[in-house]
Structure formats: C-alpha cells, structure tokens
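Undergrad: Below you'll find the structure I mean.
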C-alpha cells in the first residue's frame with residue numbers, strides 16, 4: 002500500500018541511510034516508524050523495544066512500543082508504555098495521544114477527547130490530525146457545536162486532512178446546514194486515504210447508535226452534556242499513571258526577584274526535554290520582552306504578554322542548573338530578573354544533534370500515527386445522507402450504490418440504499434422477476450415491486 006507521506010518518510014530514510022550511524026536509540030525509532038507506516042506492527046514493536054533497551058530513558062521508544070501494541074491488540078500493555086513515556090517526558094505530545102487512543106479503544110470517548118486535547122496543547126506538528134480527532138469524538142458524543150468549531154480550526158490548519166473535512170461536514174449535517182455539509186464532505190480527498198489505519202480507523206461521525214440518538218434530540222451542547230449517560234463521562238478523571246506515596250513537603254516559594262516572578266516550572270523540580278516556562282511581571286515598569294537563560298546559555302526570547310515560552314533542557318548537561326529570566330524595557334536595559342535552581346535529567350548525557358533530530362522526527366510521526374483516521378467509504382456514505390437531506394436524491398443513491406458495491410456489509414448502507422430507492426418510487430411490472438446472477442465486482446442488480454418488500458433480492462438485501 003502506497004504511503005503518501007513522502008517528505009517526512011524521506012527525511013527518515015535519509016537519516017537511516019547516512020554513513021554515520023546513530024549512536025543512541027534514534028536508529029531504532031526511525032525504523033519503528035517506517036514499519037508502522039508499512040503496517041508491520043510486530044516489526045515496529047521489536048524496533049522500538051530495541052530502542053528502549055539501548056536507552057531506558059528514551060520516552061519516544063516507549064511511546065512507539067505503545068503504538069505498536071495497540072495495533073497488536075494489547076491495550077493494557079500499550080497504556081502502561083504511554084504512562085511510562087509521560088513520566089520520562091511530561092511534555093511529549095505523542096504520549097498523550099497514545100493515552101487518548103487507549104481510552105477510545107476502551108470505549109471511553111469523553112476521556113479520549115480530553116487526552117487528545119492535552120496532546121494538542123503540547124504538539125508542534127500534526128496539530129490538524131490531533132484536532133480532527135478531538136472533533137470526531139465530540140461529534141460521537143453529540144457535541145456538534147464544539148465539534149464544528151474544532152473541525153473548522155483543523156480544516157483551516159490543514160485543508161487536505163480527510164478526517165477534518167469529514168467531521169466538519171458531519172457537524173454541519175447534524176446542525177441542519179445541509180448544503181454546506183454536502184460541500185464539506187465532497188471536499189474530502191479520497192486519494193489521501195492510503196495508509197493502513199488499523200485500530201485507528203474512525204467510522205462515521207454520525208452513523209452510529211449513540212451519535213444518531215444525540216442528533217435526534219436537537220439539543221445544544223450544554224443540554225446534551227447534562228443528559229449524557231454516566232458511562233460516557235466516567236473516563237474524564239481517569240488516572241494514567243500509578244499513584245505513588247510520597248512524603249508531604251512544604252511548597253517551595255515562588256521564584257520572585259526585582260519585580261518578576263517565574264510561575265512554572267517549580268523551583269528545585271526535576272525536568273527533562275522541552276519544558277514550558279511562564280513568567281508574571283510584578284512591577285509597574287514597562288517590560289517589553291524577556292530573555293531566558295539556562296546554565297548561562299541563552300534559551301528563548303518572548304515579547305508577547307503574558308510571557309510564555311519553552312526551554313530545551315537537552316542543550317545543557319544533567320544536574321543542578323540555574324534558570325534565569327531577565328526582563329527588558331524599551332531601551333534594551335535589563336531592569337528586572339528572577340532565577341531558580343532546576344535539576345535537569347536527560348539520560349545523564351547531552352544528546353547528539355543527530356540523535357536529537359531522530360527523536361524529534363519520531364515524536365512528530367507518532368503524533369500522526371496515534372491520531373484517528375477517516376476512511377473513504379464512511380465519508381461517501383455520509384455524503385449520501387447529506388445529499389438526500391438537501392433534496393438531491395439521484396446523487397444520494399449514486400453515493401449509496403458506490404459504497405454498497407465496495408462494501409455491502411458496511412453498517413446501515415443497505416437500508417440507506419433501499420430507502421433511497423423507495424423514495425424515488427422505484428417499481429417493477431407485476432410480471433417481472435429478478436434473475437440474480439453473482440455480478441461482477443462493483444455492480445448492483447435489484448428489482449422491486451410496488452409493495453414494501455422486493456420480489457427477490459440477493460441474500461445480503463433480504
């Protein structure tokens with residue numbers, strides 16, 4: 002099966018083909034990602050396991066193992082790998098996406114939606130795929146207004162994302178905006194449905210029992226949540242990491258000095274990877290921008306209030322390091338500052354640039370691999386529903402016939418087709434009979450009388 006992710010996969014291939022071998026787990030991470038795209042789940046798991054054995058602190062290796070284990074059907078073990086990855090790298094988006102996928106497979110769609118939002122808040126790439134996953138889950142929970150907003154944002158970020166277009170159209174259809182739904186569902190690019198989704202295959206955002214129930218109620222999002230069955234909401238507060246008994250320690254005082262306060266990270270905390278930084282100004286002076294230094298190395302600059310940025314702790318050696326933030330006025334003078342001590346823990350070494358690059362690619366690709374993915378037939382079936390609601394019955398029947406010809410066992414497709422034929426007044430002469438001969442792939446042959454049942458139909462349509 003062809004893979005259309007040529008740019009990123011090409012980058013993976015170039016790194017692997019380089020004559021200089023990667024020193025750490027990076028080589029195994031890239032191999033694992035390649036095998037995941039090919040659908041070789043066991044080979045991918047073995048590659049990620051080798052990466053974890055090479056470096057036991059490699060969060061990407063554990064997240065990759067979790068992704069492969071999900072495809073192999075071992076949700077419990079996958080959930081444990083993602084929890085471990087989150088402990089090793091609390092800000093790694095793909096670990097949260099993996100936990101979200103586990104919750105979805107376990108039927109806890111509300112909890113899955115929350116976890117995908119957590120992944121989205123940390124992701125730097127493949128944001129449209131993560132946001133589309135949030136939107137799809139919102140629609141399945143009946144939150145069509147929220148789903149529409151998320152899907153619209155995902156479409157604006159990546160107009161070619163098929164799941165984003167599918168959910169956008171589904172939400173419009175549920176809200177009664179039929180013509181717009183037809184346009185959105187028709188834009189879904191079926192040529193992009195090429196990678197094997199496995200357990201991440203997302204069905205129709207509307208054609209499911211629970212989704213059909215919510216669509217029939219015609220309620221606002223707040224009312225739907227108030228009436229939601231308890232089992233839909235129980236996953237919201239799920240624990241993803243085992244609780245550990247710790248001694249009660251007095252809270253550390255905030256890092257404040259000269260009118261500037263570091264809100265996060267906490268003083269004396271242990272950090273690794275990419276760490277978010279938030280700063281509050283406690284002075285009347287006009288501070289225009291801040292500079293962030295870790296162990297006297299320049300890390301980041303922010304000129305938008307409230308001041309938030311990130312620092313890459315991989316650039317310094319492990320151990321106790323000083324984090325310093327300086328605030329500058331219009332004249333370029335450092336007028337306020339604050340500092341604190343952090344304990345940096347990144348596998349007791351500073352990563353080689355090539356290793357760091359391999360891990361970054363793995364993180365990005367795992368975000369994509371752990372997102373939900375649409376399929377062309379479910380989108381075409383929902384397009385038929387939208388066309389029918391818009392009064393375009395001939396086109397709707399054509400869409401249903403296309404879906405039925407390719408997958409006659411797809412849920413609800415035969416009833417869609419039969420009801421579509423009946424709505425068009427399809428009849429047969431009293432003397433006519435159907436002679437059913439197993440047809441060629443992609444063909445349909447049906448004959449109806451003027452009563453409620455066909456004279457004779459293939460077994461699949463009885």
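Numbering (our numbering), first residue to last: 2 to 463.
The beta carbon of each residue, even a glycine, is placed where N, CA and C say it ideally should be.
#1: So the alpha helix (DSSP H) residue 63 belongs to, where does it begin and stop?
#2: Going by DSSP in three states, residue 183 sits in which element: helix, strand or coil?
#3: Which first and last residues belong to the beta strand (DSSP E) in which residue 336 is found?
#4: With distances taken from CA atoms, which of 70, 310, 130 is nearest residue 263?
#5: Classify residue 177: buried if its beta carbon has 16 or more other beta carbons within 10 angstroms, exposed otherwise.
#6: Looking only at C-alpha atoms, which of 72, 100, 393, 87 sits nearest to residue 80?
#7: Rounded to whole angstroms, what is the Cα-Cα separation between residue 338 and residue 346?
#8: Apply the 10 Å Cβ neighbour rule to residue 425 and answer buried if 16 or more other Cβ atoms are within range, or exposed otherwise.
#9: Applying the 10 Å Cβ sphere with the 16-neighbour rule, what's the burial state of residue 77?
#10: Just mark residue 32 as buried or exposed, buried being the case when its beta carbon has 16 or more other beta carbons within 10 Å.
#11: Identify, in the order they occur along the chain, each residue of the same chain with its Cβ nearer than 7 Å to the Cβ of residue 331, setting aside the five sequence neighbours on each side.
#12: In the DSSP assignment, what are the bridge partners of residue 325?
#13: Return the chain-ordered list of same chain residues with a C-beta closer than 7 Å to the C-beta of residue 48, the five sequence neighbours on each side being excluded.
#14: Thinking just about the alpha-carbon of each residue, which of 274, 312, 55, 273 is nearest to the one in residue 291?
#15: How would you write the range of the alpha helix (DSSP H) that residue 163 sits in, first residue to last?
#16: Can you pull the DSSP bridge partners for residue 472?
#17: Taking only three categories from DSSP, how would you classify residue 277?
#18: Between residue 106 and residue 298, what straight-line distance do the alpha-carbon atoms span, to the nearest angstrom?
#19: From the DSSP output, in three-state form, read off residue 313 for me.
#20: If you drop the 5 nearest sequence neighbours on each side, which residues of the same chain put their C-beta closer than 7 Å to that of residue 135?
#21: Would you kindly work out how many angstroms separate the C-alpha atoms of residue 282 and residue 308, rounded to a whole number?
#22: Going straight from the alpha carbon of residue 73 to that of residue 266, what length do you get?
#23: Check whether the segment 139-149 and the segment 378-395 touch, using three or more Cβ-Cβ pairs below 8 Å as the test.
#24: Just to confirm my understanding: we take residue 66, look at its own chain, exclude 5 residues before and 5 after, and list those with CB closer than 7 Å. What are they?
#25: What are the boundary residues of the beta strand (DSSP E) that includes residue 502?
#26: Classify residue 300 as helix, strand or coil using the three-state DSSP reduction.
#27: Considering only DSSP beta bridges, list what residue 207 is partnered with.
#28: Tell me which residues share the same chain as residue 341 and place their Cβ nearer than 7 Å to its Cβ, disregarding the 5 neighbours each side in the sequence.
#29: Report all residues from its chain with a CB closer than 7 Å to the CB of residue 321; omit the five preceding and five following residues, and keep chain order.
#30: What's the gap between the Cα of residue 422 and the Cα of residue 203?
#31: Specify, as a first and last residue, the run of the alpha helix (DSSP H) that residue 419 falls within.
#32: Whole angstroms is fine: what's the gap from residue 361's alpha carbon to residue 62's?
#33: I'd like the span of the beta strand (DSSP E) that includes residue 157, first residue to last.
#34: Which residues in the same chain as residue 56 place their Cβ atom closer than 8 Å to its Cβ, once the five residues preceding and following it in sequence are excluded?
#35: Within 10 Å of its beta-carbon, does residue 162 have 16 or more other beta-carbons around it, so buried, or fewer, so exposed?
#36: From the DSSP output, in three-state form, read off residue 25 for me.
TA: This is what the structure holds:
#1: 60-72
#2: helix
#3: 335-345
#4: 310
#5: exposed
#6: 100
#7: 25 Å
#8: exposed
#9: exposed
#10: buried
#11: 287, 289
#12: 294, 340
#13: 29, 32, 33, 36
#14: 312
#15: 163-175
#16: Examination of residue 472 is not possible in this model, given that the chain is present from 2 through 463 alone.
#17: strand
#18: 44 Å
#19: strand
#20: 114, 117, 118, 121, 151
#21: 9 Å
#22: 37 Å
#23: no
#24: 46, 49, 50, 53, 82
#25: Because the chain is modelled from 2 through 463, residue 502 falls outside the range shown and cannot be assessed.
#26: strand
#27: Residue 207 is not bridged to any residue.
#28: 256, 263, 268, 324
#29: 342, 344
#30: 28 Å
#31: 414-424
#32: 12 Å
#33: Where residue 157 is concerned, there is no enclosing beta strand (DSSP E), although the alpha helix (DSSP H) it sits in stretches over 145-158.
#34: 25, 26, 62, 348
#35: buried
#36: coil
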